[in-house]
Amino acid sequence: MAYELETLAIHAGAIDDQSAAAVAPPLTMSTTFHHDPDGTTPRGFLYGTLDNPNRKSLEAAVAALEGGRAALAFASGSAATKSVFMALRPGDHVIAPTDAYYGTTRLLREIFDGWGLHATFADMADLAAVRAALRPQTKLVWVESPSNPMLRISDIAALATLARKAGAWCVCDNTFATPVLQRPLQLGAHASLHASTKYFGGHSDVVGGAIVLAEDDALCARLRTVQRYEGAVPSPFDCWLISRGLRTLPLRVRQHAANASAVATFLALHPKVRAVHYPGLASHPNHAVAAAQMRAFGGIVSAQIAGGSAAAQALCGSVRLFACATSFGGTESLIEHRKSIEGPQSPTPDDLVRIAVGLENVDDLIADLEAALATL
Ligand SMILES: *Cc1c(COP(=O)(O)O)cnc(C)c1O
32 MAYELETLAI HAGAIDDQSA AAVAPPLTMS TTFHHDPDGT TPRGFLYGTL DNPNRKSLEA
92 AVAALEGGRA ALAFASGSAA TKSVFMALRP GDHVIAPTDA YYGTTRLLRE IFDGWGLHAT
152 FADMADLAAV RAALRPQTKL VWVESPSNPM LRISDIAALA TLARKAGAWC VCDNTFATPV
212 LQRPLQLGAH ASLHASTKYF GGHSDVVGGA IVLAEDDALC ARLRTVQRYE GAVPSPFDCW
272 LISRGLRTLP LRVRQHAANA SAVATFLALH PKVRAVHYPG LASHPNHAVA AAQMRAFGGI
332 VSAQIAGGSA AAQALCGSVR LFACATSFGG TESLIEHRKS IEGPQSPTPD DLVRIAVGLE
392 NVDDLIADLE AALATL
C-alpha cells in the first residue's frame, strides 16, 4: 500500500468480517479453530498461541506503520525484548546502551548472562566506544534512542552500519519515538521494537509488545519460532485494544511532542530547574543528530531540580494535574522521581524527574508545574 502514515494507521490490518460486515474489527476470543480431518486450516488459524485473527491484524498494522516486511506481537515490551535475546545463542555477545531501559539492562545482567549470552554496555552516542566493544562473537547491537530517562540520542544509521559490517543484528527499541517520529528500519536497523504498553496502546490500559522486521529473513524466522513456542503472546483482547490505539497514533504522538516541547522550553528557563533533557532543545548535546533522524522530539522530558532528591520528590507531590506514576504514552500527564523507581543501583541522577507529557491543554500543564515549582 502506498498510503501515508495517517491512512495506514486507520486502514492497515483491517479485518474482513464475514459474519456481520462490521466496520469496527470483531474480537475473536477463540483459542482453537476448525481444521479439516487432514489438518488443513481453512482460514490459516489453528491454535491461540500460534496465531489468531486479532493478533494477525495488529501485526499487519504495526508492520505497515514501521515500513517493515513482518511484525510479531508479544505479551509485553519486555517479552519482545527477551525474545530478541532468546533468538541468540549461548556464547553470543550483545552490545547494549549504558542507559538502556532498566528492564532491558536487568534482563541482560540478571537472566541472560547466566545463560551464556554476555553483554557489554557502551555509550551509544560514542561510536568509537561501540566499535571498541565489538568482539568476534558480537551478534546484536541494541539501540535505544531517545534513551530513558536521560533522553540521550544515538545515531541509528551509523550504529546500524557498524553492526552490519560486524555481521551483527541491529535492533532499535523505538518505544519513545514511535514510527510517527522515527523510522529505524529506513535508517538501516534490522528490527524495531516497541513496548505497545506505551504510545501504541495509548490509554494506559493494555500491556503489549511488538517487533517489526525489515526483512522476512533468518532473524524473523527465529523470532517467529520464539514467539509461537515460547508462549509470551498477547491475548486477542489486548491485540484489539492496541489496534484501536494505533488508529489515532499519528495524531496523539504529534500532540504529545508539541506539548512536551513547550514544557521543555518552560522548564529550561525556570530558576529552580538545574538542567532539562529534551532532544528538541538546541542545548541538547545531540540535537543535530536528533533533528536529522526524528520528525519531532517525543513526549518525554526529564528535568533535574535544584535542591536534589528531596526537591524532586516534593515537586512530584505538589503537582495536581500530573499523576505521580510511572510509564508514559497514555493521554494523561505523569511525573516521577525516576531514581526511586529504578533503585539505588541506577545511574540516574538523584535530582531527576521524568515527565511524560500527556494530551491535556499545554497551558494548564505549564501552570500546574509553575505552581508546584513555586512551593519548593
Ligand atoms: C516500557 C518499556 C519497555 C518494556 O515494556 P513493558 O511492556 O513494560 O514490558 C521496554 N523499552 C522501553 C523503552 C520502555 O519504555
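Quick note on numbering: this note's numbering labels position 266 of the sequence shown as 297, and the sequence is numbered without any gaps.
Even for Gly, the Cβ is constructed at its ideal location relative to N, Cα and C.
From a predicted model like this one, the values you see are computed outputs, not experimental measurements.
Kindly examine ligand 1 and report whether one of its heavy atoms sits closer than 7 angstroms to the Cβ of Arg382. As a first step, residue 382 is located in the sequence shown; it is residue number 351 there, counting from the start. Correcting the residue type first, residue 382 is Asp in the shown sequence and not Arg. No, the beta carbon of Asp382 sits no closer than 7 angstroms to any heavy atom of ligand 1.
According to the Cβ coordinates, are Leu244 and Ala101 closer than 8 angstroms? Here the question's residue 244 lines up with position 213 in the sequence shown. Here the question's residue 101 lines up with position 70 in the sequence shown. One thing to note: Leu244 has its Cβ within 8 angstroms of the Cβ of Ala101.
Could you check whether the region 157-172 touches the region 131-142, counting it as contact only if at least three pairs of C-beta atoms, one from each stretch, sit closer than 8 angstroms? No: fewer than three Cβ pairs fall under 8 angstroms.
Considering only the alpha carbon of each residue, which of Phe105, Asn179, Cys203 lies closest to Leu190? Residue mapping note: residue 190 aligns to position 159 of the sequence shown, counting from 1. For the residues Phe105, Asn179, Cys203, the minimum Cα distance to Leu190 belongs to Cys203.
C-alpha distance - Phe207 paired with Gly329, whole-angstrom precision: Here residue 207 refers to the residue found at position 176 when the sequence shown is read from its first residue. Here residue 329 refers to the residue found at position 298 when the sequence shown is read from its first residue. Going by C-alpha positions, Phe207 is about 7 angstroms away from Gly329.
Which complete alpha helix (DSSP H) runs does the region 182-220 hold, if anything under 4 residues is left out? Listed in chain order, the complete alpha helix (DSSP H) runs (minimum 4 residues) inside the region 182-220 are 187-196, 209-212.
Pairwise C-alpha distance: Val384 and Leu404: In the sequence shown, the residue the question calls residue 404 occupies position 373. In the sequence shown, the residue the question calls residue 384 occupies position 353. Taking the Cα positions, Leu404 is about 12 angstroms away from Val384.
Keeping to the same chain, check which residues put their C-beta closer than 7 angstroms to that of Glu367; ignore five residues upstream and five downstream. Start at 1 with the first residue of the sequence shown, and residue 367 comes out as number 336. Cβ contact annotation for Glu367 (same chain, cutoff 7 angstroms, sequence separation greater than five): Cys347, Cys355, Ala356, Thr357, Val384, Arg385, in chain order.
Using beta-carbon positions only, say whether Ala306 and His315 come within less than 8 angstroms of one another. As a first step, residue 306 is located in the sequence shown; it is residue number 275 there, counting from the start. As a first step, residue 315 is located in the sequence shown; it is residue number 284 there, counting from the start. No, these two residues do not count as a Cβ contact at 8 angstroms.
With Tyr78 and Thr59 assumed to form a contact (beta carbons below 8 angstroms), what rounded beta-carbon distance in angstroms separates them? Walking along the sequence shown from the start, residue 78 turns up at place 47. Walking along the sequence shown from the start, residue 59 turns up at place 28. At roughly 13 angstroms, the Cβ-Cβ gap does not stay under 8 angstroms, so Tyr78 and Thr59 are not in contact.
Beta carbon of Ala299, beta carbon of Leu312: below 8 angstroms? Indexing the sequence shown from 1 puts residue 299 at position 268. Indexing the sequence shown from 1 puts residue 312 at position 281. A contact, by the Cβ cut-off of 8 angstroms.
Distance CB(Met117)-CB(Val257) smaller than 8 angstroms: Stepping through the sequence shown from its first residue, residue 117 is reached at position 86. Stepping through the sequence shown from its first residue, residue 257 is reached at position 226. In this structure, Met117 lies near Val257, with their beta-carbon atoms less than 8 angstroms apart.
Three or more C-beta pairs below 8 angstroms linking the region 381-401 and the region 267-276: Fewer than three beta-carbon pairs drawn from the region 381-401 and the region 267-276 are found closer than 8 angstroms, and the two stretches are therefore not classed as touching.
Residue closest to Leu254, alpha-carbon to alpha-carbon, out of Asp394, Ala127, Ala289, Thr112: As a first step, residue 254 is located in the sequence shown; it is residue number 223 there, counting from the start. That would be Thr112, whose Cα lies nearest to the Cα of Leu254.
Determine whether the beta carbon atoms of Arg195 and Gly219 lie at a separation below 8 angstroms. Here residue 195 refers to the residue found at position 164 of the sequence shown. Here residue 219 refers to the residue found at position 188 of the sequence shown. Yes, these two residues count as a Cβ contact at 8 angstroms.
Could you give the distance in angstroms between the alpha-carbon of Ala95 and the alpha-carbon of Arg285? Your numbering for residue 95 matches position 64 in the sequence shown. Your numbering for residue 285 matches position 254 in the sequence shown. Those two C-alpha atoms are separated by around 18 angstroms.
So, under 8 angstroms CB-CB, Ser223 and Gly240 are touching, yes? Tell me the CB distance rounded to an integer number of Å. Sequence index remark: in the sequence shown, residue 223 carries index 192 (1-based). Sequence index remark: in the sequence shown, residue 240 carries index 209 (1-based). 12 angstroms between Cβ atoms; not a contact.
Ala323 versus Leu216: straight-line alpha-carbon distance, rounded: Counting from one through the sequence shown, the residue named residue 323 turns up at place 292. Counting from one through the sequence shown, the residue named residue 216 turns up at place 185. Straight-line spacing of the CA atoms in Ala323 and Leu216 works out to 15 angstroms.
With C-beta atoms as the reference, is Ile397 less than 8 angstroms away from Ala293? As a working mapping, residue 397 is identified with position 366 in the sequence shown. As a working mapping, residue 293 is identified with position 262 in the sequence shown. Against a cut-off of 8 angstroms, the Cβ pair of Ala293 and Ile397 comes out as a contact.
If you compare alpha carbons, which of Arg166, His221, Leu182 is closest to Ala197? Along the sequence shown, read from residue 1 onward, the residue named residue 197 stands at position 166. For Ala197, the closest of Arg166, His221, Leu182 by C-alpha to C-alpha distance is Arg166.
According to the neighbour-count rule (16 or more other Cβ atoms, all chains shown, within 10 Å of its Cβ), is Gly374 buried or exposed? For the purposes of this step, residue 374 is taken as the residue at position 343 of the sequence shown. Classification for Gly374: exposed.
So Ile397 is in the alpha helix (DSSP H); what residue range does that whole segment cover? Residue mapping note: residue 397 aligns to position 366 of the sequence shown, counting from 1. Note, Ile397: alpha helix (DSSP H), 393-405.
Roughly how far, in whole angstroms, is the beta-carbon of Ile126 from the beta-carbon of Asn317, given that I think they are within contact range, below 8 angstroms? Counted from its first residue, the sequence shown places residue 126 at position 95. Counted from its first residue, the sequence shown places residue 317 at position 286. Distance from Ile126 to Asn317 at the Cβ level is roughly 19 angstroms; contact not present, criterion being Cβ atoms closer than 8 angstroms.
Residue interval of the beta strand (DSSP E) (run including Leu383): Working through the sequence shown from its first residue, we reach residue 383 at position 352. Under the DSSP assignment, Leu383 falls in the beta strand (DSSP E) whose first and last residues are 383-387.
Would the C-beta of Phe143 count as close to ligand 1, meaning under 7 angstroms from any of its heavy atoms? Indexing the sequence shown from 1 puts residue 143 at position 112. Remark: the shortest separation between the CB of Phe143 and any heavy atom of ligand 1 does not fall under 7 angstroms.
Are the CB atoms of Pro210 and Ser175 within a distance shorter than 8 angstroms? As a working mapping, residue 175 is identified with position 144 in the sequence shown. As a working mapping, residue 210 is identified with position 179 in the sequence shown. Residue identity differs from the one stated: residue 175 is Glu in this sequence, not Ser. No, Cβ-Cβ distance for Glu175 and Pro210 is not below 8 angstroms.
Return yes when at least one heavy atom of ligand 1 lies under 7 angstroms from the C-beta of Lys113, else no. For this step, residue 113 is matched to residue 82 along the sequence shown. Because no heavy atom of ligand 1 lies under 7 angstroms away, the Cβ of Lys113 does not count as near it: no.
Separation of Ser178 from Ala131, as counted between CA atoms: Residue 131 sits at position 100 when you count from the first residue of the sequence shown. Residue 178 sits at position 147 when you count from the first residue of the sequence shown. Spanning the two alpha carbons is a distance of roughly 6 angstroms.
Do you know whose CA, among Arg351, Ala45, Ala334, lies nearest Met181's CA? Numbered from 1 along the sequence shown, position 150 holds the residue referred to as residue 181. Measuring C-alpha to C-alpha distances from Met181 to each of Arg351, Ala45, Ala334 identifies Ala334 as the nearest.
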